[in-house]
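So the first sequence is residues 1 to 420, counted in my numbering. Cβ coordinates follow ideal geometry from the N, Cα and C atoms, glycine included. Have a look at the structure below before the remarks.
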Amino acid sequence: MHDINFIRNNPDNFDKFLKLRFLKPHSKKILDLDKSKRVILTSSQDLRSQRKNISSQFASSQDSEKLKLQEEVHLIKEQIDSLEKKLFIIDEEIHLILSSLPNLPDPEVPVGKDEDSNKLIKTIGEIPSFDFNPLAHYDLGENLQMMDFDQAAKVSGSRFVYLKNDFARLERSIANFMLDKHTTDFGYTEVNPPNLVKDAAAFGTGQLPKFSDDLFKTNSDHWLIPTAEVPLTNLHLETITNEKKLPARYTAWTSCYRLEAGSAGRDTRGMIRQHQFSKVELVSLVKPEESNDELERMLNCATSILNDLKLSYRVMLLSSGDMGFSAKKTYDIEVWLPSESKYREISSCSNCGDFQARRMNAKYKSTDGNVYLHTLNGSGLAVGRTLIAIVENYQNKDGSITVPDVLVPYMGGKKTICLK
RNA sequence: GGAGAGAUGGCAGAGCGGUUGAACGCAUCAGUCUUGAAAACUGACAAGGGUGCAAGCCCUUCCUGGGUUCGAAUCCCAGUCUCUCCGCCA
1 MHDINFIRNN PDNFDKFLKL RFLKPHSKKI LDLDKSKRVI LTSSQDLRSQ
51 RKNISSQFAS SQDSEKLKLQ EEVHLIKEQI DSLEKKLFII DEEIHLILSS
101 LPNLPDPEVP VGKDEDSNKL IKTIGEIPSF DFNPLAHYDL GENLQMMDFD
151 QAAKVSGSRF VYLKNDFARL ERSIANFMLD KHTTDFGYTE VNPPNLVKDA
201 AAFGTGQLPK FSDDLFKTNS DHWLIPTAEV PLTNLHLETI TNEKKLPARY
251 TAWTSCYRLE AGSAGRDTRG MIRQHQFSKV ELVSLVKPEE SNDELERMLN
301 CATSILNDLK LSYRVMLLSS GDMGFSAKKT YDIEVWLPSE SKYREISSCS
351 NCGDFQARRM NAKYKSTDGN VYLHTLNGSG LAVGRTLIAI VENYQNKDGS
401 ITVPDVLVPY MGGKKTICLK
């Protein structure tokens, strides 16, 4: 949500930022609406003031005058009603525009329409070489009889999978390893949040009103969370947080549910893109002046997982056109997948500034008043895709999978996954 | 699903048609006292918005949305959520 005061004071600047997102100027339209709103608002407030005055005289008036006062108020009320009807319509229009425009990019963000303009920040690890032809995760998984796409298709349709046996445990091990690391080493508070949320929460993080097509909706008017970012960030929905509780850092391992309506035909094979996948999410709520540093810290928390797993990856700074709706700056972490011979996204870490906090009215009490928090979120990491990366990068010629050292304790001491 | 109770400021909790934006308390902040702290005492302390150079003035908000009334935190209707008991159930 954008700050109307910022637009009033910097209309040209606002439009310039929108242009970086390849959007047309909006300030003129917004300010015209805002101006007419304020004219109407002022006169309706004057009328309300008059009405109050008359009412306060009522008790001390003669009976003969009371009738007259009643009539006066009646007339004023009609005018107020008509003005406030107009006001409501204008307000709705302003709100819809303000809540449908994406966050303004940080000055450091490279300008460009899509991922081609993303900026490489760093590359870590060697691209692994194999003395045999490495298989894709779905072939490895099916050969081991630990991934079942066919039965999942019968039961649930496309973009679902059954993980079985050691793969099911591997997924659990990965998630536990990540949670342990984030809570113990990095001070995040573990949370097991609701997986179904109401409109207000989905609006708060920016999924609504524009992106309802990406979400599953229940017949009880709940939304299935597309990421734990939604319930974690909304831990501060309509809340004034005590300064002493900042920075607030939360992590959660949840399933994520996405309709993938816009991705028909993309990544249909394997478990890269599923309607349901699990992810360990990181969310921070911090004071405004701390959010830049917090983003770097969060990125470091996420990449440390890949370092420990000894997977090769690179970090990209997303371009203005490739960033998500609520973000003002985003790093993507991409892990190397041998079967595709390329890096694929495994985490996205974003600083949203006060954009989400405005939508959910999340503030903290500072010495000079209540201030909107800054919110950040990042995958730490996508568990399904981490499993893919491990399976493909740790595969052996005989089709078995070596368990990464740090996961061996979580796998009950097992060092290799092979056909039973 | 059935019966009942409730929703008020950061928290707790009065008020149940007319200076009530809201008592008392806790928390917080500032000050006095103190070498310092504690205690005690004094004072400040809801949010959002409009208007104005400013001081200020004004409007809205006591869960949400309607309604009654000259006037609503207070009365009526609908909804949401919470709690208690019964039933069902992982």
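* Asked: Any idea if ASP354 is buried or exposed, counting beta-carbon neighbours within 10 angstroms, 16 or more meaning buried?
  -> The residue is buried, with at least 16 neighbouring Cβ atoms inside 10 Å.
* Determine the DSSP secondary structure at ASP332, reduced to helix, strand or coil. => In the three-state reduction of the DSSP assignment, ASP332 falls in the strand class, which pools E and B.
* To do: Would you list, in sequence order, the uninterrupted alpha helix (DSSP H) runs of no fewer than 4 residues that lie entirely inside the segment 252 to 319?
  => Listed in chain order, the complete alpha helix (DSSP H) runs (minimum 4 residues) inside the segment 252 to 319 are 291 to 309.
* Candidates LEU285, GLN45, ASP131 and LYS397: which alpha carbon is nearest MET360's? -> Nearest C-alpha to MET360: LEU285.
* Asked: Using 8 angstroms as the threshold, is the segment 277 to 292 in touch with the segment 240 to 249, meaning 3 or more CB pairs across them?
  -> Contact between the segment 277 to 292 and the segment 240 to 249 is established, with three or more Cβ pairs separated by less than 8 angstroms.
* Asked: Where do the ends of the beta strand (DSSP E) carrying ARG344 lie?
  -> Where ARG344 is concerned, the enclosing beta strand (DSSP E) stretches over 342 to 351.
* Flag this pair as yes or no: are the beta carbons of THR241 and LEU373 separated by less than 8 angstroms? => Going by C-beta atoms, THR241 is nearer than 8 angstroms to LEU373.
* Asked: Who are the Cβ neighbours of PHE132 in its own chain at under 8 angstroms, not counting the five residues just before and after it?
  -> Short of 8 angstroms from the beta carbon of PHE132, and not among the five residues preceding or following it, lie these beta carbons of its own chain, in chain order: LYS397.
* Assuming MET298 contacts LEU376 under a Cβ cut-off of 8 angstroms, what Cβ separation, rounded to an integer in Å, is found between them? -> Taking 8 angstroms as the upper bound for CB-CB distance, MET298 and LEU376 are in contact here, some 6 angstroms apart.
* Touch check for the segment 221 to 238 and the segment 189 to 200: three-plus C-beta pairs under 8 angstroms? -> Enough Cβ pairs lie closer than 8 angstroms, so yes.
* Asked: How many angstroms separate the CA atom of VAL111 from the CA atom of PHE22?
  -> VAL111 and PHE22: Cα-Cα distance of roughly 9 angstroms.
* So, LEU317 versus ALA302, is the Cβ gap smaller than 8 angstroms? -> Taking 8 angstroms as the Cβ cut-off, LEU317 and ALA302 do not qualify as a contacting pair.
* **THR189 to VAL406 span [Cα, whole Å]** => Their Cα atoms are separated by approximately 22 angstroms.
* Asked: THR239 and ALA382: beta carbons closer than 8 angstroms?
  -> Against a cut-off of 8 angstroms, the Cβ pair of ALA382 and THR239 comes out as no contact.
* To do: Could you tell me the distance, in whole angstroms, from the CA atom of GLN276 to the CA atom of LEU47?
  => Here the C-alpha atom of GLN276 lies approximately 55 angstroms from the C-alpha atom of LEU47.
* Look at the alpha carbon of GLU334 and the alpha carbon of TYR343, and state the distance between them as a whole number of angstroms. => GLU334 and TYR343: Cα-Cα distance of roughly 5 angstroms.
* Asked: Would HIS236 be called buried (16 or more neighbouring beta carbons within 10 Å of its own) or exposed?
  -> Buried.
* In terms of alpha-carbon separation, which member of GLU229, LEU170 and TYR138 lies closest to ASP267? -> Nearest of GLU229, LEU170 and TYR138 to ASP267, Cα basis: TYR138.
* Evaluate ARG38 with the Cβ neighbour count: other Cβ atoms within 10 Å of its Cβ, from every protein chain shown; 16 or more gives buried, anything less gives exposed. => That one is exposed.
* **Cβ-based neighbour list, ILE424, same chain, cut-off 8 angstroms, excluding 5 preceding and 5 following** => This structure gives no information on residue 424, because the portion of the chain shown stretches from 1 to 420.
* To do: Would you identify the three-state DSSP class for GLU115, choosing helix, strand or coil?
  => Of the three classes helix, strand and coil, the one that applies to GLU115 here is helix, per DSSP.
* **Contact between the segment 112 to 127 and the segment 53 to 70 (3+ Cβ pairs under 8 angstroms)** => In short, these stretches do not touch, since the Cβ pair count stays below three.
* **alpha helix (DSSP H) segment containing VAL73, residue limits** => Counting along the chain, the alpha helix (DSSP H) containing VAL73 begins and ends at 63 to 100.
* Asked: Would ILE124 pass as a contact of TYR313 if the rule is Cβ separation under 8 angstroms?
  -> ILE124 places its beta carbon less than 8 angstroms from that of TYR313.
* Cβ neighbour criterion (16 or more within 10 Å) applied to ILE272 -> With 16 or more Cβ atoms within 10 Å of its Cβ, ILE272 is classed as buried.
* Asked: Under a Cβ-count criterion, where at least 16 other Cβ atoms within 10 Å of its own Cβ denotes burial, should HIS95 be classed as buried or exposed?
  -> Exposed, since its Cβ has fewer than 16 Cβ neighbours within 10 Å.
* Asked: Looking at the unbroken beta strand (DSSP E) that takes in ALA382, where does it start and where does it end?
  -> According to the DSSP assignment, ALA382 belongs to the beta strand (DSSP E) that extends over 374 to 382.
* Asked: Helix, strand or coil: which one does DSSP assign to LEU140?
  -> The DSSP-derived three-state label of LEU140 is helix.
* Taking buried to mean at least 16 other C-beta atoms within 10 Å of its own C-beta, is LYS29 buried or exposed? -> LYS29 is exposed by the Cβ-count criterion.
* To do: Compute the beta-carbon to beta-carbon distance between GLY384 and SER350, rounded to the nearest angstrom, for a pair I have assumed lies under 8 angstroms.
  => About 20 angstroms; that fails the 8 angstroms criterion.
* **Own chain, CB closer than 6 angstroms to LEU83, minus 5 neighbours either side, in chain order** => Cβ within range, chain order: ILE40 and SER44.
* To do: Give the DSSP-derived three-state secondary structure of GLY204 in the structure shown.
  => GLY204 falls in the helix class under three-state DSSP.
* Buried/exposed call for PHE58, threshold 16 Cβ in 10 Å -> Around the C-beta of PHE58, fewer than 16 other C-beta atoms lie within 10 Å, and the residue is accordingly described as exposed.
* Going by the CB atoms, is the gap between LEU104 and LYS328 shorter than 8 angstroms? -> Yes, the pair counts as a contact, with Cβ atoms nearer than the cut-off.
* Identify which residue in GLU290, CYS256 and PRO128 has its Cα closest to the Cα of GLU340. => Among GLU290, CYS256 and PRO128, the Cα nearest to that of GLU340 is on PRO128.
* Report the residue from SER100, LEU75 and LYS415 whose alpha carbon sits nearest the alpha carbon of THR205. => With distances taken between Cα atoms, THR205 lies closest to SER100.
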